[in-house]
Every structure is written in C-alpha cells, then in structure tokens.
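Residue numbers (my numbering): 142 to 601.
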C-alpha cells in the first residue's frame, strides 16, 4: 500500500486562536465598514487575507536571525543575502527594500514616466498603482483562457504573445520595459510556463526591450513548471529557477511570500545602468544600499528562506495543502479558478452570488458572508481591487471578480482547510437568498481596497 502524503516538517511552536459568535462578527464588521482589512487580527478565527508575511519561519531561519549584523553600511547580512540571490538568479546587482511595493517604487521611479505603456500579464494592484500614479498605463496582455475560471489549462498565467507583439508595434517608443508576474496573482495564482517566458524573451529581444519579473511567488511558479510542463520533470527547482531568471533583465521581489519572512523585499538586475538609476531612489525612499528597508537579522532569515523554499519537498507540502482545499470545494460544487494555484484558492464570486449585481461587488459580498459565517477572513480580488479607470473614473468591471483564500505557509493544518471548505459550503447553500451586495461610501483614488468604506446596498 502506498503511504499517504504528509508534511515535510513538524510543528515546534503553536499560537492560540479563538472563535467568536456571529453576533460579535456582525458588530465588528459594522465597525470595520464592511472592509475586512479593517478588522483586528484577534477578531479573526482563520486568517486567509494574504500569504504575504504571514508564514511560519523555520528553526534555521530563526537561528540565522541571531547572526544578523546590524551595521548601517556593509553589513555581513547583506552580503550573505546578496550571495544567495546571485547564486539562485544569476543577477549581480541587488538592492534590499522593506517589501515588494517598495522595490517597485524605487525601480519604477527610475524607469516609468508620464505617458508610458507597461505591458504585462495582469499587473497586481501595487504594480498597477505604481504605474498609474506616474500617469502611465498598465496594459494587460494575459492569455484569454485566464478569463474562464472553469477551464482546465495548466498555465493560465501566460502572456499572450500576440497581444504583446501588437502592443510593441503600436506603442514601441512609449514602452520602457515588459513585466511578467510569476505566478500571476490577479488571474488566480496561475503559473507562467517556461516556454512562454522564452517566447516573451524572444519578443523583447526583437524589439530591443528589457523584461522585469514580478517574482513574489517565483518558487511556486518553478514547482508548476517542474510538475506540469513537458520535459521539466527531472530538473531540480533551483535549476529551473536559474533558467527562469536567465530570461529576465531584472526582478522585483516581495520576499514576504516565497522568501517566507515577515518583512522584506529586493530589486535584482544584471544591468549596471538600472542599478545606478535605482540607487538614486533607494537612499531617500528606503535607506542605505546595503540594508534598504531591512534589518540585518531579517536579511539573514531571508537568505535561508530563499534556499529552503527552492527545494521540492517544501514546495510540494505547501501546494499540496492548497490542492487539498480545492478537492474539498470540488465535493461541494463550489466554482473557483481552475486548476488550483500555488498560494490560494480564488472562488469565482460571479458564479456563486448570481443574484448580486456587479455594481454591488459580488466578491466583496462573498468575503463578508464568509467572515460572518465562521470568522474566516479572505480578500476580494475583483472589482473593488481593480480601482476606477484613471481617465473616465468609472468602475472597471471587465476582469474577474474573485474571493481569494490565501493560505499562509506552514501555518494551518488540513483540519483548518476542512473548516474553510464547510463554511464556504454553508454560504454556497444559501446563495439564492443573497440578493444584495455592498456599496462604496468612501474610497481612495488608488489601491482603494485597503481602506474603502462600505455599507450594505439599499441601506441608507
């Protein structure tokens, strides 16, 4: 008999969590203006808001923190981190930042100007925000298959090369670079194939453009290349990672995901001119070049985390748990972006709350209903996150409207996944009775989903 699957780690420390009553949760939601970002953490039973900075560090990472060098300039911790990044990616130049959006801010301050067009595959909210705040345009060139959540395609995060070619033909002089997000979060945590990255590289070379990888979940993307792409099964994750980054000119990284640290990020590039340009903005925005926005101890923990999370067993354990939750949802017939991604399940709210009009934000409504049901906090990746069109100021309803259930790394057990699945089933079973959603009563101009204030639709 074949042995069942088990985690590649054992538990060393636990943190208590508490349940609450529906009455308590109703009151807390009202006080939070129906925006789950505004809830207190101790008002949440199972927290799936994000997998960013919420993972559990290993014993080796905690041990590495004790060797942290907090020197302002030239810290040993920086060089240990730089050596690890260069070994894994091949990039010579490294600038630490306090997280991924800071890396974007520093690099884009050098590269993006008003009127630019930045093509890519479903830019995430911070990427789009940093582009649009500079009065440039983020142009989505994702494959059309990503829009059909029930279609089983292994690499739905891919760039549509024909769309990219068309963009370069039309806007060549206005395109400072091409950006590819691996994995593609906005499209449902979907991976990008190695062959697609090679195609993007060929197109970029043809037009004389450089390529940046938004690499928050690059290791999970490498896992999917190994397990889904023909001819890649016998390669190590580290070998695949090295080839991935050989196809890029630079990367921005939120290390809070695949680096499995609570805070941190970096820019890495092979081009000295980009490094010199970014340096000018790192010092005023983040800090000196050898710490950016990070403590020495955090850089040491990140160096270990990057090494650990580019090993197959660690990734398999992580992604297996996401797949386990997907199978439970399959039992209940709950629609999500298929196949399951690496870091989250993205429930298709437009197929669940069919009586809630798009103007009342079905995914945010489903987020609220799941929290009311069981104290589980998810995150809307949909019409609210999409912000308004910067020119017309109309809501952008053209994309997917998803409830993301992001699974922190090495934090919850499969028993928690069972609770999540049953809670979502309970909401799904009463979906016909949910006919009204929420309305916006206040919003920020950019990245509104973090601070938006909402009320139940129809309520004065």
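C-beta: ideal position from N, C-alpha, C; glycine also.
Between the C-alpha atoms of residue 447 and residue 386 there is a straight-line separation of about 14 Å. Of all C-beta pairs linking the stretch 179–192 to the stretch 537–555, three or more are shorter than 8 Å, placing the two stretches in contact.
DSSP places residue 437 within a helical segment (H, G or I) once states are collapsed to three. For the set 539, 218, 423, 292, the Cα lying nearest the Cα of residue 476 is the one of 292. Within the same chain, Cβ atoms closer than 7 Å to the Cβ of residue 587 are found at 270, 273, 274, 528, the five residues on either side in sequence being excluded. By the C-beta criterion, the stretch 294–308 is judged to be in contact with the stretch 332–350, since at least 3 inter-stretch pairs fall below 8 Å. A residue is called buried when at least 16 other Cβ atoms come within 10 angstroms of its Cβ; residue 157 does not meet this threshold and is exposed. Residue state for residue 278 is assigned as strand, using DSSP reduced to three classes.
Per the Cβ contact rule, the stretch 462–481 is not in contact with the stretch 436–454 (fewer than 3 Cβ pairs under 8 Å). In the three-state reduction of the DSSP assignment, residue 487 falls in the strand class. Annotated three-state conformation of residue 392 is strand, per DSSP.
Per DSSP, the beta bridge partners of residue 235 are 409. Bounds of the alpha helix (DSSP H) holding residue 267 are 266–273.
Per DSSP, the beta-bridge partners of residue 543 are 489, 522.
With a contact defined as Cβ atoms closer than 8 Å, residue 411 and residue 390 qualify at about 6 Å. Assigned with DSSP and collapsed to three states, residue 259 falls in strand.
By the CB criterion at 8 Å, residue 494 and residue 507 fall inside the cutoff. The Cβ atoms of residue 200 and residue 153 sit closer than 8 Å to each other. Boundaries of the alpha helix (DSSP H) harbouring residue 348: 335–348, taken from the DSSP string. Judged by beta-carbon spacing, residue 544 lies within the 8 Å limit of residue 490, meaning their Cβ atoms are closer than that value. Its chain contains 469 as the residues whose beta carbon lies nearer than 7 Å to that of residue 559, once the 5 sequence neighbours on both sides are disregarded; these appear in chain order.
Going by beta carbons, residue 263 and residue 324 fall outside the 8 Å limit. At a Cβ-Cβ threshold of 8 Å, residue 327 and residue 582 do not count as neighbours.
Taking 4 residues as the shortest admissible run, the stretch 437–461 contains the following complete alpha helix (DSSP H) segments, listed from N- to C-terminal end: 437–449. In the structure shown, the three-state DSSP call for residue 509 is helix.
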